[in-house]
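S.K.: Residue numbers (the numbering used here): 65 to 162.
We put the beta carbon where it would ideally sit given N, CA and C, even for glycine.
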Amino acid sequence: MAQSRLYVFLWRRWWLAFILMGVSFVLFGLISLNLLHLLGANLEYLGMHGLEAAREGGLVQLLEIVASGYFAAACYVAFKLCEKVLVERAASASGSAP
65 MAQSRLYVFL
75 WRRWWLAFIL
85 MGVSFVLFGL
95 ISLNLLHLLG
105 ANLEYLGMHG
115 LEAAREGGLV
125 QLLEIVASGY
135 FAAACYVAFK
145 LCEKVLVERA
155 ASASGSAP
């Protein structure tokens, strides 16, 4: 099975994959900790105050919350990639690149 260049890069530099895994795990946790509560509060604010809330920056805040959600998802994907690399490397008998 052909692997991506990023996968092979992380396979050869397992220590970097380990560091990236830790950083992405912490970032995912910090970003997503209160994200659903903020989204609910923002939607409630927009629903109650309508156009006035939009003028006061409610839509901009909603876009920022959505962007934070996508960044959290990207951190999760990075974590899962590094986890896959490290688990497969640990499970391989030879330790040679895929």
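#1: When DSSP labels each residue in this structure, what does ASN98 get in the three-state scheme?
#2: Taking ALA105 as the reference, which of VAL90, GLN125, VAL87, GLU116 has the closest Cα?
#3: Pull up the distance between the alpha-carbon of GLU152 and that of LEU74, whole angstroms please.
#4: So, do the stretch 89-101 and the stretch 121-138 have three or more beta carbon pairs nearer to each other than 8 Å?
#5: By a C-beta neighbour count over all protein chains shown, 10 Å radius and 16 as the cutoff for buried, is SER88 buried or exposed?
#6: When the Cα atoms are used, what is the spatial distance from GLU147 to GLU120?
M.R.: This is what the structure holds:
#1: coil
#2: GLN125
#3: Each residue's Cα considered, the two are about 11 Å apart.
#4: yes
#5: By the neighbour-count rule (16 or more Cβ atoms within 10 Å), SER88 is buried.
#6: Going by the C-alpha atoms only, they are around 42 Å apart.
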